[in-house]
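Single-structure report; data block below.
Numbering (this note's numbering), first residue to last: 1 to 181.
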């Protein structure tokens, strides 16, 4: 039997879809990371438009899920699948790659554990996401095996200092731990 979202929307929800939803909602609480640097100074953005870095033949493109903070996971999954298919076919339109306010680069599917992503100007930050893998970690004072992933945040320090970046990462980790979809 298919999961409800797959049944109703015809798309399989991925870890990336869940991450887009959680990151977008966390950005509404940490708005400084959803801003841009301009010659006039810091410009905050009302909308949370998440770009996803996508590998295509001989390049990487960033396709945008607009207003991701207001979209449900099913809508994010449908939009991500459409963008990925069109990116692979070389059919992205200018509107598909414009207006991003924050980027997620996920190399987990390539079994990369951790990496540092480069900020896409004029955005304030980019989140690098590594592979999900089982690790031995403390669970109730004893060793246990849990799926873990490494996320690395790169920030433009003209917009976001290290303390604000750490607060975002703390909030993001807490949101992931408590996520219910």
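Glycine is no exception: its CB is placed at the ideal position from the N, C-alpha and C atoms.
Legend entry - Option nearest residue 177 by Cα separation, candidates 137, 76, 22: Against the chain shown, residue 177 aligns to sequence position 177. Of the listed residues, the one whose Cα sits closest to residue 177 is 22.
Inset, instruction - Find the nearest neighbour of residue 150 within the set 173, 123, 90, judged by alpha-carbon distance. - result: Indexing the chain shown from 1 puts residue 150 at position 150. The shortest Cα separation from residue 150 among 173, 123, 90 belongs to 173.
Legend entry - Per-residue DSSP class, three states only, for residue 146: Here residue 146 corresponds to residue number 146 of the chain shown, with the count starting at 1. Of the three classes helix, strand and coil, the one that applies to residue 146 here is strand, per DSSP.
Legend entry - Supposed close pair residue 78, residue 11 - CB separation, criterion 8 Å: For the purposes of this step, residue 78 is taken as residue 78 along the chain shown, with counting starting at 1. For the purposes of this step, residue 11 is taken as residue 11 along the chain shown, with counting starting at 1. Confirmed, about 5 Å.
Legend entry - Exposure label - residue 96; buried when at least 16 CB within 10 Å: Taking the first residue of the chain shown as position 1, residue 96 is located at position 96. Looking at its Cβ environment, which holds 16 or more other Cβ atoms inside 10 Å, residue 96 is buried.
Inset, instruction - Specify whether the stretch 53 to 61 and the stretch 22 to 33 touch according to this definition: at least 3 beta carbon pairs, one from each stretch, less than 8 Å apart. - result: no
Inset, instruction - Determine the direct distance from the alpha carbon of residue 88 to that of residue 98, and round the result to whole angstroms. - result: One-based indexing of the chain shown puts residue 98 at position 98. One-based indexing of the chain shown puts residue 88 at position 88. Roughly 18 Å separates the two Cα atoms.
Legend entry - Sufficient close CB pairs (3 or more, under 8 Å) joining the stretch 145 to 159 to the stretch 112 to 129: yes
Legend entry - Closest residue to residue 63 among 136, 104, 39 (Cα-Cα distance): Taking the first residue of the chain shown as position 1, residue 63 is located at position 63. Residue 63 has its Cα closest to that of 104, out of 136, 104, 39.
Legend entry - Completely contained beta strand (DSSP E) runs for the stretch 101 to 169, where each covers 3 or more residues: 102 to 106, 125 to 129, 133 to 139, 142 to 148, 151 to 155
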